[in-house]
Amino acid sequence: SAGGKRRQQNRNRSTQPQDGSRGPGPADYNSSDQKTACRRHELYVSFRELGWQDWIIAPEGYAANYCDGECSFPLNAHMNATNHAIVQTLVHLMNPENVPKPCCAPTKLHAISVLYFDDNSNVILKKYKNMVVRACGCH
Amino acid sequence: GNNDAQPGFIHRRLRTHEKREMQKEILSILGLPHRPRPHLSHGKYNSAPLFMLDLYNTISSEERSRVEGALERYQSMRTTRSPPLATNQETAFLNDADMVMSFVNLVEYDRELSPQRRHHKEFKFNLSQIPEGEAVTAAEFRLYKECVSRAFRNDTFLLRVYQVVKEHPDREADLFLLESRRLWAAEEGWLEFDITATSNLWVMSPAHNLGLQVSVETSSGQSISSKEAGLVGRDGALEKQPFMVAFFKVSEVHIRTAR
Numbered sequence: 580s581a582g583g584k585r586r587q588q589n590r591n592r593s594t595q596p597q598d599g600s601r602g603p604g605p606a607d608y609n610s611s612d613q614k615t616a617c618r619r620h621e622l623y624v625s626f627r628e629l630g631w632q633d634w635i636i637a638p639e640g641y642a643a644n645y646c647d648g649e650c651s652f653p654l655n656a657h658m659n660a661t662n663h664a665i666v667q668t669l670v671h672l673m674n675p676e677n678v679p680k681p682c683c684a685p686t687k688l689h690a691i692s693v694l695y696f697d698d699n700s701n702v703i704l705k706k707y708k709n710m711v712v713r714a715c716g717c718h
Numbered sequence: 392g393n394n395d396a397q398p399g400f401i402h403r404r405l406r407t408h409e410k411r412e413m414q415k416e417i418l419s420i421l422g423l424p425h426r427p428r429p430h431l432s433h434g435k436y437n438s439a440p441l442f443m444l445d446l447y448n449t450i451s452s453e454e455r456s457r458v459e460g461a462l463e464r465y466q467s468m469r470t471t472r473s474p475p476l477a478t479n480q481e482t483a484f485l486n487d488a489d490m491v492m493s494f495v496n497l498v499e500y501d502r503e504l505s506p507q508r509r510h511h512k513e514f515k516f517n518l519s520q521i522p523e524g525e526a527v528t529a530a531e532f533r534l535y536k537e538c539v540s541r542a543f544r545n546d547t548f549l550l551r552v553y554q555v556v557k558e559h560p561d562r563e564a565d566l567f568l569l570e571s572r573r574l575w576a577a578e579e580g581w582l583e584f585d586i587t588a589t590s591n592l593w594v595m596s597p598a599h600n601l602g603l604q605v606s607v608e609t610s611s612g613q614s615i616s617s618k619e620a621g622l623v624g625r626d627g628a629l630e631k632q633p634f635m636v637a638f639f640k641v642s643e644v645h646i647r648t649a650r
């Protein structure tokens, strides 16, 4: 609901006469992006919270990062992942507060192990050691 | 992410669409088509999950010990835990494995075998759920033996584990002796039997998976039932149920596309 309210304010703001004397400050720089600025969140996902503790024995949950806003970079025909990362890096250099560091390099994740039941009540202990995320995003 | 809650990571109730997204994400990482529905008796873990949890804690504490030196603490904790505990050999298998699976014994009730084999006990495991491309690097059949009653107290038993090679409708099944072991009647604890070759055969040719049979004799050659020998079966304590465990190695690295 907070987002909704802010969006309402922005709409009001756009109907307000622009104050020409005031240059765009950091807060305004992406004012049109405020509501969709790319942001990274941290969240603890609890399997108990998901009601899955009857089949996931361990771990109890895991620490996750996720992004929301304009994080999935619009890669169109003349923009590939690499030079888009270059553009983002330039934007980041000019205005570090507003844009998270772009990353298009494959990112190796920590090794995790999961212990869970299958449908036949057999138990599976699986190690995930070589998890690599290959995507452009705010990471 | 890693196995522990990072201090500072928010614990908050997930919104419905976040829950759905997380569930899809987790199932796709685990390579599962849907959420499993295991049959837990009274919500308690029996021997296999307890054993696997011990292996899981071994992995997690080794990872953490690399960072915090917690292994000693964990080792001391293990000595106070109840069975089943992984042996050093199983911990070595664990280090090499990418996946470990325990399998529930499918034989619900003992069947009356032929008069000659009346005291043979059967065990069957369903290995059909193993993902493609996994090779068994080690497999064990685990059986818990309790101290026996006074009648055999000073005796020794000869315990034999067979692989059932072929079944016949009108005569005894063909058996292949995997191992014979002499035990003290008063001995108590987990017995591990190496069934790596047998498991590999069962994985490669499920039609040959006809299970195992166990027989016990006293030192005078008298055949006795597994119950008399103190072997715990399906009617015994949950945490002492017989089970099989197999260690696997996968070859290819899975690359997941971003969602």
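Residue numbers (the working numbering), protein chains in the order written: chain F, 580 to 718; chain X, 392 to 650. No residue lacks a Cβ here, since even glycine has one placed at the ideal position from N, Cα and C.
Please confirm if X:Ser493 has its CB atom under 9 Å from at least one CB of chain F. Yes, contact with chain F.
So which of X:Thr609, X:Ser540 and X:Asp565 has the shortest CA-CA distance to X:Leu549? Comparing Cα positions, the closest option is X:Thr609.
Quick one: list the residues of chain F neighbouring X:Ala439, beta-carbon separation under 7 Å, in chain order. By Cβ distance, chain F contributes Val702.
Classify F:Lys687 as helix, strand or coil using the three-state DSSP reduction. Taken through DSSP and simplified to helix, strand or coil, F:Lys687 comes out as strand.
Thinking X:Val495 and F:Asn701 are a contact (beta carbons under 8 Å), I'd like their distance in whole angstroms, please. That pair is a contact at about 6 Å.
Return the first residue and the last residue of the alpha helix (DSSP H) that X:Ser493 is part of. Where X:Ser493 is concerned, there is no enclosing alpha helix (DSSP H), although the beta strand (DSSP E) it sits in stretches over Met490 to Val495.
Given X:Met443 as reference, the closest of X:Lys640, X:Val636 and X:Arg426 once Cα atoms are compared: Closest option to X:Met443, judged by alpha-carbon separation, among X:Lys640, X:Val636 and X:Arg426: X:Val636.
Per DSSP, the bridge partner or partners of F:Glu621: Per DSSP, F:Asn644.
Where F:Asn699 meets chain X, residues with beta-carbon distance less than 7 Å: Within chain X, the residues near F:Asn699 are Val495, Asn517 and Gln520.
Since I believe F:Ala637 is in contact with F:Leu622 (beta carbons under 8 Å), could you give me their beta-carbon distance rounded to a whole number of angstroms? For F:Leu622 against F:Ala637, the beta-carbon gap comes to about 19 Å, at or over 8 Å, which does not count as contact.
Per DSSP, X:Gln554 is paired with what? Beta-bridge pairing links X:Gln554 to X:Phe567 and X:Leu603.
Determine the chain X residues that contact F:Lys706 at a beta-carbon separation under 8 Å, and present them in chain order. Residues of chain X with a Cβ closer than 8 Å to the Cβ of F:Lys706 are, in chain order, Ile450, Ala488, Asp489 and Met490.
Endpoints, beta strand (DSSP E) assigned at X:Met635: Note, X:Met635: beta strand (DSSP E), Phe634 to Lys640.
List, in chain order, every chain F residue whose beta-carbon is nearer than 9 Å to that of X:Leu569. Simply none; closest approach about 21 Å.
Closer than 9 Å by beta-carbon distance: list the chain F residues that pair up with X:Arg426, in chain order. Within 9 Å of the CB of X:Arg426, the CB atoms of chain F belong to Trp631 and Trp634, in sequence order along the chain.
Within 10 angstroms of the Cβ of X:Phe639, are there 16 or more other Cβ atoms? Answer buried if so, exposed if not. So X:Phe639 ends up on the buried side.
Taking the alpha carbon of F:Glu628 as the reference point, which residue from X:His430, X:Glu409, X:Ile521 and X:His425 has its own alpha carbon closest? Ranked by Cα distance from F:Glu628, the first of X:His430, X:Glu409, X:Ile521 and X:His425 is X:Glu409.
Against chain F, with Cβ distances strictly below 9 Å, would X:Arg551 count as a contact? Not one chain F Cβ lies under 9 Å of X:Arg551.
Quick one: what's got a C-beta closer than 8 Å to F:Val711's C-beta in the same chain, skipping five residues either side? Taken in chain order, the residues that qualify are Pro685, Thr686, Lys687 and Leu688.
Within chain F, partners of X:Ile586 - CB distance below 9 Å: Simply none; closest approach about 16 Å.
Counting only Cβ pairs nearer than 7 Å, list the residues of chain F close to X:Tyr447. By Cβ distance, chain F contributes Ala637, Ser692, Leu694 and Leu704.
Within the same chain, show all residues whose beta-carbon is closer than 7 Å to that of F:Lys708, passing over the 5 residues directly before and after it, in chain order. Once the five neighbours on either side are set aside, the close Cβ partners of F:Lys708 are Ala690.
Do three or more CB pairs link the segment 529 to 544 of chain X to the segment 617 to 629 of chain X at distances below 8 Å? Segments in contact, yes.
With burial defined as no fewer than 16 other Cβ atoms inside 10 Å of the residue's Cβ, what is the status of X:Asn437: buried or exposed? Buried is the call here.
Buried or exposed by the 16-neighbour rule on C-beta atoms within 10 Å, applied to X:Gly621: By the 10 Å Cβ count, X:Gly621 comes out buried.
So, helix, strand or coil for F:Asp612, using DSSP? For F:Asp612, the predicted model reports a pLDDT of 45, less than 50, meaning its position is unreliable and no value from the coordinates is stated.
Would you tell me roughly how many angstroms separate the C-alpha atoms of X:Ser616 and X:Thr589, rounded to the nearest one? Counting only the Cα atoms, X:Thr589 lies some 24 Å from X:Ser616.
As assigned by DSSP and simplified to three states, the class of X:Thr407: In the structure shown, X:Thr407 sits in a helix (DSSP, three-state: H, G or I).
Since F:Pro707 sits in a beta bridge, which residues does DSSP pair it with? The residue you asked about is not Pro; residue 707 of chain F is Tyr in the sequence shown. BP columns for F:Tyr707 point to F:Ile691.
Taking its Cβ as the centre, do 16 or more other Cβ atoms sit within 10 Å of X:Lys435, making it buried, or is it exposed? Residue burial is scored here from C-beta neighbours: X:Lys435 has fewer than 16 other C-beta atoms within 10 angstroms and is therefore classed as exposed.
F:Val712 by DSSP, collapsed to three states: which one? The answer is strand: DSSP assigns F:Val712 an E or B state.
Is the segment 516 to 524 of chain X close to the segment 591 to 610 of chain X, with three or more CB pairs under 8 Å? The segment 516 to 524 of chain X is in contact with the segment 591 to 610 of chain X.
Do X:Tyr553 and X:Ser606 have their C-beta atoms closer together than 9 Å? Taking 9 Å as the cut-off, the Cβ atoms of X:Tyr553 and X:Ser606 count as close.
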